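Just so we're aligned: the sequence shown equals residues 1 to 172 in this note's numbering.
Ideal Cβ placement from N, Cα and C applies to all residues, glycine included.
Since this is a predicted model, take the numbers as computed values, not measurements.
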Amino acid sequence: MVLKKINLEVVYETFDWDKKVFRDLANEAISSTLSHLGYNPAIFEIAILTCDDNKIAELNYQFCNNKTKTNVLSWPELNLSAKKSGELPASIPITRGDTMFLGNIAICYQYIKNEAEVQNKKFQDHVFHLLVHSTLHLLGFVHKLELDANIMEKIEVEILAKASISDPYRIH
Numbered sequence: 001m002v003l004k005k006i007n008l009e010v011v012y013e014t015f016d017w018d019k020k021v022f023r024d025l026a027n028e029a030i031s032s033t034l035s036h037l038g039y040n041p042a043i044f045e046i047a048i049l050t051c052d053d054n055k056i057a058e059l060n061y062q063f064c065n066n067k068t069k070t071n072v073l074s075w076p077e078l079n080l081s082a083k084k085s086g087e088l089p090a091s092i093p094i095t096r097g098d099t100m101f102l103g104n105i106a107i108c109y110q111y112i113k114n115e116a117e118v119q120n121k122k123f124q125d126h127v128f129h130l131l132v133h134s135t136l137h138l139l140g141f142v143h144k145l146e147l148d149a150n151i152m153e154k155i156e157v158e159i160l161a162k163a164s165i166s167d168p169y170r171i172h
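Okay, here's the thing in structure tokens:
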């Protein structure tokens, strides 16, 4: 099966990433997520910023009032969040014509590299997972409450399994 690709705008603020490898990985992870949920990736666009520890900490503080570094941040263009815990987010209102912008993602190479080493995960598998995770956030999925976390994690694990990536939530 040929996977249709999402339209990506990638800004490389850090040069740690191999640009082609990252773009291919991002396309596969994000397109797989959209396809898994029944969407055609080719009609959507996402902007990604690759950044360092300092920038991700700055963004985390600016937008989340959290003074720590993190692996990935997401800013959805649409509010698709479920009305109550345990429900699925609203469907994307598809319009004909131009591509539809889903939102922005910031991803931090240094943090993810360290996290993958500490958690004994393959770096590319971990990046793939975090891109799936952040795409789900752009689609209205949340994980603050256990019911919602269970829904989101189940979908993540299904998508990862299709990419032959083991369950990141299973304790080894």
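Backbone secondary structure at residue i - three-state DSSP
i    : result
E13  : coil
S31  : helix
A90  : coil
N66  : coil
L102 : strand
L73  : strand
I107 : strand
L25  : helix
N114 : helix
L80  : coil
Residues of its chain near residue i, where Cβ-Cβ distance is below 6 Å and the 5 sequence neighbours each way are ignored
i    : result
D125 : I165
N104 : A47 and W75
A69  : In the sequence as presented, Ala is not what sits at residue 69; that position holds Lys. Here the set comprises D53, I56, A57 and Y111.
W16  : The amino acid occupying residue 16 in the given sequence is Asp; Trp does not appear at that position. Hits under 6 Å: Y109.
L130 : N71 and V72
L59  : L73 and A106
Presumed contact (8 Å Cβ cut-off) between residue i and residue j, rounded CB distance
i    : j    : result
P168 : K121 : 7 Å
E87  : T50  : No, E87 and T50 are not in contact; Cβ-Cβ is about 33 Å, not under 8 Å.
F128 : A29  : 5 Å
V10  : R23  : 6 Å
Cβ-based neighbour list, residue i, same chain, cut-off 8 Å, excluding 5 preceding and 5 following
i    : result
L37  : L139 and I155
R200 : Beyond the ends of the chain as shown, which are 1 and 172, falls residue 200; an answer cannot be given.
S85  : L145, L147 and D148
I151 : G86, L88 and F141
K19  : V10 and Y12
Same chain, Cβ closer than 7 Å to residue i, five either side skipped, listed in chain order
i    : result
K83  : none
E153 : Y169
Q62  : none
Q119 : none
N65  : none
Meets three-Cβ-pair contact criterion under 8 Å: the stretch 127-142 and the stretch 72-79: yes
The stretch 146-154 touching the stretch 101-118, judged by at least three CB pairs closer than 8 Å: no
Sequence ranges, alpha helix (DSSP H) only - wholly within the stretch 132-169, length at least 4: 146-162
Touch test, the stretch 39-48 against the stretch 92-104, Cβ-Cβ under 8 Å, three pairs minimum: yes
Stretch pair the stretch 22-35 + the stretch 156-165: three plus CB contacts closer than 8 Å: yes
Touching by the beta-carbon criterion (3+ pairs, under 8 Å), the stretch 45-64 and the stretch 3-23: yes
In chain order, each beta strand (DSSP E) run of at least 3 residues that lies wholly inside the stretch 34-61: 44-51
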